[in-house]
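Trainee: If you're matching positions, the sequence shown starts at 128 in this note's numbering and goes up one per residue.
The structure follows.
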Amino acid sequence: MGQLASPARIAHRWSPPRARPNDALAAPVLPGTFRRIAELLAARARLAGAFRRQGRAVQPPRAPAALLAAALLLGSCLLLLSSPLTAGPEATLYVYAVTPLRARALEQKIEDAMPGVDVTVFGKLSDFKTALEVSPPNAALSPRPVLTSLNRGVDLQGLRAGSDAEQYLLVSTKLLARDMLSSFRYGIVDLVERKSLPRFVAGLLGVNDAPEVQRVTKIEDLLQLLQFQTADAVLLPERFRADFESKSKMSFTILSLSTAKVGLVAVTFLSERQSIEGAIRRLPKHVLADLGVDEWR
128 MGQLASPARI AHRWSPPRAR PNDALAAPVL PGTFRRIAEL LAARARLAGA FRRQGRAVQP
188 PRAPAALLAA ALLLGSCLLL LSSPLTAGPE ATLYVYAVTP LRARALEQKI EDAMPGVDVT
248 VFGKLSDFKT ALEVSPPNAA LSPRPVLTSL NRGVDLQGLR AGSDAEQYLL VSTKLLARDM
308 LSSFRYGIVD LVERKSLPRF VAGLLGVNDA PEVQRVTKIE DLLQLLQFQT ADAVLLPERF
368 RADFESKSKM SFTILSLSTA KVGLVAVTFL SERQSIEGAI RRLPKHVLAD LGVDEWR
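Below, the structure written as structure tokens:
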């Protein structure tokens, strides 16, 4: 059995985006307001210092104190009503993708390529689904089967070499025969909800009976399933074949089935399409490659 480097865990947790200020309540701060407050504070400090130096056990006159309190109150109200110095992101994008990259690394690459967009990459399909329900973004990007399983339409479809789907390979350490496919246990990176996954895999295999399926969150986890014989075979995107084989000394049997085609990443817009569509279409080639596509349709 081959050696396998211990995979690092993705410690990437989703939390709902921070609430943004209500622009309708924002009001400009009057010119000179804060300068006047600063002047009053300085004057009061000088006055108190002068009385201390003279050894007088008296307090500064009440009138300036009352004026200062009023000025501070006015300044506080204006500050609360004013817009923050740093505005919140103009748009939000949620991403769930089948990739060897850690979620945080992919998130940083996409966010760097999309200034003004708040990007969150999810390592688990369940977290992605929950976030869409609890705090919907402007857009969500994931493999087409994911969007379909979540009842989301496709507004932008990713393409690679003109195709909107990619080939999945059947990889095993055992002999693969088509008449044995229904009896195998399979591993696959999560693409649909748990209850739908066996039937989804049966469709990829081109068999009638839904097999036993174990879902994982990362490509590297598929190698572990074979190493520890938790699965008889795994379904792997063809684009990861070379990297997958290089990480193990195990001897693999690989079968390419005409039925094992999976939709590439796509985008669904949940609101304000105009604020984010252009940024998605302008993603650079190296980021698109990480997502498994080279253009949008």
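Yeah, the Cβ is synthetic: ideal placement off N, Cα and C, and Gly gets one too.
Quick caveat, the model's predicted, so the values are computed rather than measured.
Count the other CB atoms, across all protein chains shown, that sit within 10 Å of the CB of residue 418; report buried if there are 16 or more and exposed otherwise.
Mentor: Looking at its Cβ environment, which holds 16 or more other Cβ atoms inside 10 Å, residue 418 is buried.
Trainee: Helix, strand or coil: how does DSSP classify residue 398 here?
Mentor: Of the three classes helix, strand and coil, the one that applies to residue 398 here is coil, per DSSP.
Trainee: On the DSSP bridge list, what partners appear for residue 388?
Mentor: The partner list for residue 388 (beta bridge, DSSP) reads 294.
Trainee: Please report the residue range of the beta strand (DSSP E) in which residue 343 lies.
Mentor: Here the beta strand (DSSP E) through residue 343 covers 339–343.
Trainee: Sorted by chain position, which residues of the same chain lie with C-beta nearer than 6 Å to residue 240's C-beta, five sequence neighbours on each side aside?
Mentor: Only 410, 411 and 414 meet the Cβ criterion.
Trainee: Alpha carbon to alpha carbon, how far is residue 236 from residue 307?
Mentor: Their Cα atoms are separated by approximately 42 Å.
Trainee: For the alpha helix (DSSP H) holding residue 222, just list the boundary residues, first then last.
Mentor: Counting along the chain, residue 222 falls outside any alpha helix (DSSP H), though it belongs to the beta strand (DSSP E) covering 218–222.
Trainee: Does residue 285 pass the burial test, meaning 16 or more other C-beta atoms within 10 Å, or should it be called exposed?
Mentor: Buried, since its Cβ has 16 or more Cβ neighbours within 10 Å.
Trainee: Would you please state the rounded distance, in angstroms, between the beta carbons of residue 359 and residue 311? I believe it to be under 8 Å.
Mentor: Residue 359 to residue 311, Cβ: 4 Å. Contact.
Trainee: Candidates 393, 400 and 332: which alpha carbon is nearest residue 225's?
Mentor: Nearest of 393, 400 and 332 to residue 225, Cα basis: 393.
Trainee: Identify, in the order they occur along the chain, each residue of the same chain with its Cβ nearer than 8 Å to the Cβ of residue 227, setting aside the five sequence neighbours on each side.
Mentor: So the list reads 345, 346, 347, 367 and 370, once near-sequence residues are dropped.
Trainee: Alpha carbons only, please: which of 324, 247 and 397 is nearest the one belonging to residue 232?
Mentor: For the residues 324, 247 and 397, the minimum Cα distance to residue 232 belongs to 247.
Trainee: Are the Cβ atoms of residue 320 and residue 276 separated by less than 7 Å?
Mentor: Yes, these two residues count as a Cβ contact at 7 Å.
Trainee: Let me know if residue 395 comes out buried or exposed under the rule of 16 or more other beta-carbons within 10 Å of its beta-carbon.
Mentor: Buried.
Trainee: Taking C-alpha atoms, which residue in 364, 322 and 281 lies nearest to residue 316?
Mentor: It is 364.
Trainee: Just the C-alpha distance for residue 118 and residue 223, rounded to the nearest angstrom, thanks.
Mentor: In this structure the chain extends from 128 to 424, so residue 118 is not present and cannot be described.
Trainee: Could you check whether residue 243 and residue 217 sit closer than 7 Å to each other, using their CB atoms as the reference points?
Mentor: Contact flag set, yes.
Trainee: Taking DSSP as the reference, what is the three-state secondary structure of residue 288?
Mentor: Residue 288 falls in the coil class under three-state DSSP.
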